[in-house]
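To keep things clear, I will list the structure first and then write my remarks on it.
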Amino acid sequence: MRRGAEIIGARNQLERVAAVVETRRLGKSYGLNPVLREVELRVGAGCGAFIIGGNGSGKSTLLRMLAGLEAPTSGSALVFGQDTRRLDATYRRRIGMLAHQSFLYPNLTARENLEFYGELYGVADARALAREWLNRVGLEAFGETRVRAFSRGMEQRLAAARAMINRPELILLDEPFAALDPDGVKVMAALIRDAIARGAAVLASAHTVAEIEGVAFSVYEIVRGRVVPLVRQEETARAGRVRSILGR
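Whatever position you read off the sequence shown (first residue = 1), add 201 for this note's numbering.
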């Protein structure tokens with residue numbers, strides 16, 4: 202019961218904070234196949250939420266719609282109060298996204314990739330910031346290594362740095378712990394914790410509860426296309442115990 206109360210309490214806290222993300226009866230279909238139905242979701246500044254669901258459940262689709270990369274079939278998605286169908290460059294710069302595709306240039310070094318994205322976002326002193334982020338994600342020894350030589354886990358760390366280098370106010374993470382070793386998981390958790398502490402909103406996805414650790418987040422699951430709160434303790438026990446790595 203205590204676990205369910207913690208999650209409910211976190212969800213209630215989200216509702217008291219000004220919304221960065223808000224969806225209203227949001228739906229997405231491909232042809233006659235509905236993927237998401239009437240999604241009602243709200244994430245405020247300095248708060249986070251995890252969406253749990255298997256392959257094909259609609260997690261990535263939801264994040265892509267919030268990033269303005271895919272249009273809803275029905276309903277609406279608002280980011281900073283703006284309909285994601287009409288996000289201009291000013292709003293897009295306020296969003297950082299870690300997707301299945303890293304959006305890194307394989308023939309550039311890790312440092313060159315971060316400098317490029319820093320300059321693209323107009324950050325001050327992109328070179329110094331690139332070095333700082335290489336240190337933050339534990340890749341300082343690989344700054345001059347071309348990304349094509351990276352392991353999947355190293356690429357995931359660098360992609361996280363790429364997504365957060367301009368201190369976005371909304372961070373969308375599609376399975377952020379995928380391909381990471383235990384040290385990489387700690388690095389990613391620290392990045393998420395720091396982003397929330399500075400007031401960013403974070404929305405992330407995972408396959409099962411066992412993959413995530415953070416009861417400071419609200420936890421939802423996708424059930425037959427609908428996003429519903431995960432509050433039943435027996436469901437949590439079956440999927441795996443939620444621990445608070447983000448609070449360490």
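Here a beta-carbon is modelled for each residue, glycine too, at the ideal position from N, C-alpha and C.
Bounding residues of the alpha helix (DSSP H) (the contiguous stretch that carries residue i)
{"i": "residue 263", "result": "260 to 267"}
{"i": "residue 337", "result": "327 to 337"}
{"i": "residue 397", "result": "383 to 398"}
Unbroken beta strand (DSSP E) run spanning residue i, endpoints
{"i": "residue 279", "result": "275 to 280"}
{"i": "residue 422", "result": "419 to 424"}
{"i": "residue 374", "result": "371 to 375"}
Beta carbon proximity, residue i to chain C, threshold 9 Å
{"i": "residue 362", "result": "In summary, chain C is missing from the structure at hand, where a single protein chain is found."}
Residues that residue i bridges to, as DSSP identifies them
{"i": "residue 231", "result": "234"}
{"i": "residue 304", "result": "According to DSSP, residue 304 bridges with nothing at all."}
{"i": "residue 223", "result": "243 and 279"}
{"i": "residue 347", "result": "310"}
{"i": "residue 404", "result": "250 and 373"}
Proximal residues to residue i (C-beta, below 7 Å), its chain only, five neighbours per side dropped
{"i": "residue 331", "result": "312, 315, 316 and 319"}
{"i": "residue 273", "result": "227, 228, 229 and 266"}
{"i": "residue 539", "result": "Look at the range of the chain in this structure, 202 to 449, and you will see that residue 539 is not part of it."}
Spatial neighbours of residue i in its chain, beta-carbon cut-off 8 Å, leaving aside the 5 residues before and after
{"i": "residue 241", "result": "224, 225, 226, 227 and 428"}
{"i": "residue 222", "result": "242, 243, 244, 267, 278, 279, 280, 371, 402 and 404"}
Spatial distance of residue i from residue j (CA atoms)
{"i": "residue 275", "j": "residue 244", "result": "20 Å"}
{"i": "residue 416", "j": "residue 325", "result": "Because the pLDDT of residue 416 is 41, which lies under 50, any placement of that residue in the model is unreliable, and the number read from its coordinates should be weighed accordingly. Their backbone Cα atoms lie some 35 Å apart in a straight line."}
{"i": "residue 308", "j": "residue 431", "result": "42 Å"}
{"i": "residue 379", "j": "residue 251", "result": "14 Å"}
{"i": "residue 186", "j": "residue 296", "result": "The chain is shown from 202 up to 449; residue 186 falls before or after that span and cannot be answered."}
{"i": "residue 256", "j": "residue 348", "result": "27 Å"}
{"i": "residue 286", "j": "residue 329", "result": "35 Å"}
{"i": "residue 220", "j": "residue 323", "result": "26 Å"}
Beta-carbon contacts of residue i that lie in its chain and below 6 Å, excluding the five residues immediately before and after
{"i": "residue 363", "result": "318"}
{"i": "residue 341", "result": "335"}
{"i": "residue 369", "result": "295, 296 and 297"}
{"i": "residue 271", "result": "265"}
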